[in-house]
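Undergrad: Below are the structure tokens for one structure; questions will follow.
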Amino acid sequence: MNFGLTEEQEVLKTVARRFIEEQTPMTAVREIMESPTGFDEKLWGAMADLGWQGLIVDEAHGGAGLGWVDLVVLLEETGRGLLPSPLISTAVAAAAISEFGTDAQKKRYLPSLADGSAIGTLALLEGNTSPGAESIGLEGKADGAGYRLSGTKRFVHDAGVATLFVVPFRAGGDIKLGLVEANAEGVTARGFATMDQTKRMGDVAFDNTRVAEDAILAGDGSAALARILDLAAVAVTAEMVGAMERDLEITNEYAKDRIQFGRPIGQYQAVKHPLAEMYVDIETSRSLLYFAAWCTQEEPASLPLAAARAKAYASEAFTRIGIDGIQLHGAIGFTAEYDIQLYLKRSKWALPAFGDADYHYARVASLGGY
Amino acid sequence: MDFKLTPEEEAFRDEVRAFVKEHLSEDARKDPNFIGNWLKAVREKRWVGFNWPEEYGGGGGGIMEQVILKEEMSKAGAPPLGTSMMGLQWVGPAIIEYGTEEQKKKFLPDILDSAYQWCTGYSEPGSGSDLASLQCRAVRDGDEYVVNGQKIWTSGAAYSKWIILLTRTDFEVEDRHKGITCLLVEMDSPGVEVRPIKNMAGSSHFAEVFFEDVRVPVENRLGEEGQGWGVTISALAHERSGISEVAGLISQHHQLVELAKRTQKDGKPASEHPGIRARLARADAIIEGMRLNGQRFLTKQLKGEKLSSETSINKLHRAFLAVELGDLALEIQGSASQYAESTNGADGAGGEDEGRWVNGALGWPAVVIGGGTPNIQRNIIAERILGLPKD
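These protein sequence lines are chains A and B, in that order.
Each residue of the first sequence is one higher than the one before, starting from 1 at the first, in the working numbering.
Each residue of the second sequence is one higher than the one before, starting from 1001 at the first, in the working numbering.
The following block contains the structure:
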């Protein structure tokens, strides 16, 4: 029984925090988020130098060969600093190929995802639906030894900068996961302005786009998609926990400094108690998160329930924390100049990402046998 | 990070499982002396006072094994390991930490045998959350203390043989925490009077206790004079660690799910109503969060660090769940929940479940308020962990 980080994980955490504080303080975050693409190639390159994109890719394919607990340690830090980058999207794509790709697919895609020269993402949703195989309508038309896709995937994370899409589609009764390069024929990707400018999303349209048989991930597509979605939920929850913690820190500092009625507002119980609740929510989210991260590799059968509990609980927690963070600041909290509002926006992005609280609580119920 | 048990821990878990299987079998339960047999068997195993020193009859066991024992017992729906609840939960640990050799020899074996009940004399009419303001007075007179004052909300006072009592021995000292002394007092001492208080669920678990010129031998003082606050803090900390509670919550949640499945609401099982499902699932996630928080605290303890204010996290979750689980039972049963006794539902509504959940819906204050109200827990987190200034 050991619910603690290893020495290596502590080092990873420290290095990540220092890098983010030095390279992307909030002034830099704002510059990136206000740029047209919301993407900073130089930053992306520096992250690759640290091995972040390839953290969970095995060493044979140019990665660091680390595990999901390590990735979660890193993502807590990127979430904390609201680091604008397609890191989660790329990690999820890399995980999909690592776990379900053929040898040829791994050889072709993993090294470039790991070194940052490629950006991957999952192109799943087609409308206002929950993230599951059942909501997929895109039909692959058989075309020799492969398929052709026509239709649009929506709300795709980092669609504007991605070079590789993992595209779930239907083929008869089966779900298949196709690997489609952004520059393939008939692919049009378009990024949109988003509420949280640090998290870009967009639509990806396919017009008679060919997916060759050898560009389809191996095995049962439904099972693979379910696993990939659980991993994605864990990744998003990790960034949420980091962001929630920073939100509390900023708000707590403010409560200590701000004087009203002749004393720091943090001395009033009406301010103290919501801050204490934030702490309870964060620590409990973190416990659920790390158990889910541990399950990914050590106890995969327990992952669906663990991931659903973590994402559901953290989604409600971050919603409360995002709002309380602003409210405890008062008017200054919703000025554009003050950083706390960026955390509120992040909480709004995180809520529906890979399933909201309702969706995951419904899963908790089903998986719990009721 | 590793949530797996070691082979030794697994072996111990299997031993506990085999034990409960044997001693809680249907045959064993049919025996009229089932509880007596059970208490004797767990006592012989030295599982009562599992981590207490062996020389006083305890088990001398480790923290991890203790957690496994409690989890397995709770999963199996086992009866408690003794009937002297407060004795086992915090009087015993306080005596182990602060008691004299004579006190340890005198009290610990009796607590382990559940020879009699203990009650706790902390709160007073004017001293609830602000416990350190207590006024119950103890004045030294030769080899005795003379106690005058009143305690309130004293659970089990009517049937307890001993009380662990906080008194004020120094009214002059500037830091009021330093003027408090802990005494162990026999409830049948001349001058002790118990008046039961009925709670809203209709039972009288707690009482007022009055002390008038009660004489207590100095040898029954626990800790030094003026050290009583430290004794209390340590005793409350034992109460707060919370790991053992989680297994109980898991089984309570399981019972609620079963209730929801077998209870018809608007023509279909209550378990198929999305609102009820969501509340059940949220409670499930919080209980699991508590279990994992407990494992994080446990990791700290195993590394030899002391637990401090972070245990208030689970105390807050526990308070929420105490109310929520009771109310969920009401929502599942609807109007059938309102009967305080079973009517065997002639109309098919409620039936065997009628009346069973009244205690759940009304019994929560004992859990929520006992050992520090939720707002006190929030103050603890805000001031001791977040570093916010005191009022």
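Cβ atoms here follow ideal geometry from the backbone N, Cα and C, with glycine treated the same way.
All of these numbers come straight from a predicted model, not from anything done at the bench.
(1) Which residues, in chain order, does the region 1288-1299 of chain B contribute to contact with chain A at a C-beta distance below 7 Å?
(2) Got a sec, what are the start and stop residues for the beta strand (DSSP E) A:M201 sits in?
(3) Hey, how far is the Cα of B:L1184 from the Cα of B:P1032?
(4) Could you work out which residues of chain A lie near B:S1271, taking near to mean beta carbons separated by less than 7 Å?
(5) Can you look up A:G79 in the DSSP assignment and give me helix, strand or coil?
(6) Give me whichever residues DSSP pairs with B:P1269 in a beta bridge.
(7) So the alpha helix (DSSP H) B:F1019 belongs to, where does it begin and stop?
(8) If I follow the unbroken alpha helix (DSSP H) through B:Q1295, where does it start and stop?
(9) Closer than 8 Å by C-beta to B:Q1150: which residues in its own chain qualify, once you throw out the five before and the five after it? Chain order, please.
(10) Could you compute how far the alpha carbon of B:G1351 sits from the alpha carbon of B:E1258?
(11) Have a look at A:T194, A:S287 and A:T296 and flag the residue whose alpha-carbon is nearest the alpha-carbon of A:G202.
(12) Please determine whether the Cβ atom of B:P1125 lies at a distance below 8 Å from any heavy atom of the ligand SAM.
(13) Which residues of chain A have a Cβ atom closer than 9 Å to the Cβ of B:L1280, listed in chain order?
(14) Tell me the DSSP secondary structure of A:L50 in three-state form.
(15) Alpha carbons only, please: which of B:P1274, B:R1318, B:G1387 and B:L1256 is nearest the one belonging to A:T284?
(16) Report the residues of the region 14-40 of chain A with a CB closer than 9 Å to any CB of chain B, ordered along the chain.
(17) Using the Cα positions of B:L1302 and B:Y1056, report the straight-line distance between them to the nearest angstrom.
(18) According to DSSP, simplified to helix, strand and coil, what is B:Q1117?
(19) Please state if the CB of B:L1316 and the CB of A:E277 are separated by a distance shorter than 9 Å.
(20) Please report the Cβ distance between A:G191 and A:F100, rounded to the nearest whole angstrom; I am assuming they are in contact, meaning their Cβ atoms lie under 8 Å.
(21) Do B:G1128 and B:W1090 have their C-beta atoms closer together than 9 Å?
(22) Within 9 Å of any Cβ in chain A, is that where the Cβ of B:R1240 sits?
(23) Hey, A:V92 and A:I228 are a contact pair by Cβ (cut 8 Å); roughly how many whole angstroms apart?
(24) At least one CB of chain A closer than 9 Å to the CB of B:D1391: is that the case?
(25) Quick one: using the 10 Å Cβ neighbour count with 16 as the cut-off for buried, is B:T1311 buried or exposed?
(26) Can you find a CB in chain A that lies within less than 9 Å of the CB of B:G1128?
(27) As a quick exercise: from B:M1073, B:R1215 and B:Q1117, pick the residue whose alpha carbon is nearest that of B:G1142.
(28) List, in chain order, every chain A residue whose beta-carbon is nearer than 7 Å to that of B:I1385.
(29) Name the chain A residues that come within less than 9 Å of B:F1003, Cβ to Cβ?
(30) Evaluate A:G369 with the Cβ neighbour count: other Cβ atoms within 10 Å of its Cβ, from every protein chain shown; 16 or more gives buried, anything less gives exposed.
(31) Leaving out five residues on either side along the sequence, give the residues of the same chain with a beta carbon under 8 Å from the beta carbon of A:I20.
(32) Going along the chain, which residues of the region 1325-1336 of chain B sit with their C-beta nearer than 7 Å to a C-beta in chain A?
(33) Considering only the beta carbon of each residue, do B:L1249 and B:L1362 sit closer than 9 Å?
(34) What residues in the region 1359-1382 of chain B bring their beta carbon closer than 7 Å to a beta carbon of chain A?
(35) Thinking C-beta only, is A:K311 closer than 9 Å to B:A1393?
(36) Chain B partners of A:G322, CB-CB under 8 Å?
TA: Looking at the coordinates:
(1) Taken in chain order, the members of the region 1288-1299 of chain B whose beta-carbon sits within less than 7 Å of a beta-carbon on chain A are E1288, G1289, L1292, N1293, Q1295, R1296, L1298 and T1299.
(2) M201 to A212
(3) 35 Å
(4) Y370
(5) Three-state DSSP puts A:G79 in a helix.
(6) B:Q1264
(7) P1007 to H1023
(8) P1274 to L1302
(9) E1124, P1125, C1136, E1208, V1209, F1210 and F1211
(10) With a pLDDT of 49 at B:G1351, under the threshold of 50, the predicted position of this residue should be treated as unreliable, and no value is reported.
(11) A:T194
(12) The model on display carries no ligand, and the ligand SAM is accordingly not part of it.
(13) Y361, V364, A365, G368 and Y370
(14) In this structure, A:L50 counts as coil in the three-state DSSP scheme.
(15) Checking every option, the nearest Cα to that of A:T284 belongs to B:R1318.
(16) Cβ contacts with chain B: none found.
(17) Taking the straight line joining both Cα atoms gives about 24 Å.
(18) coil
(19) With respect to B:L1316, A:E277 sits close: the two C-beta atoms are nearer than 9 Å.
(20) Wrong, their Cβ atoms sit about 27 Å apart, outside the cutoff.
(21) no
(22) Bear in mind that a pLDDT of 48 at B:R1240, under 50, signals an unreliable position, so the number given afterwards is only what the model happens to contain. No - not a single Cβ of chain A is within 9 Å of the one on B:R1240.
(23) 6 Å
(24) yes
(25) buried
(26) no
(27) B:R1215
(28) Y279
(29) For B:F1003, the C-beta contacts it makes with chain A under 9 Å involve M1, N2, F3, F291, W294, C295, E298 and E299, in order along the chain.
(30) Burial state of A:G369 is exposed, judged by a 10 Å Cβ sphere holding fewer than 16 other Cβ atoms.
(31) E77, T78, R80, G81 and L83
(32) Cβ proximity to chain A below 7 Å picks out nothing from the region 1325-1336 of chain B.
(33) No.
(34) N1375, R1378, N1379, I1381 and A1382
(35) The question about residue 1393 of chain B has no answer, for chain B in this structure spans 1001 to 1391.
(36) For a Cβ distance threshold of 8 Å, nothing in chain B lies close to A:G322: the least Cβ distance comes to about 18 Å.
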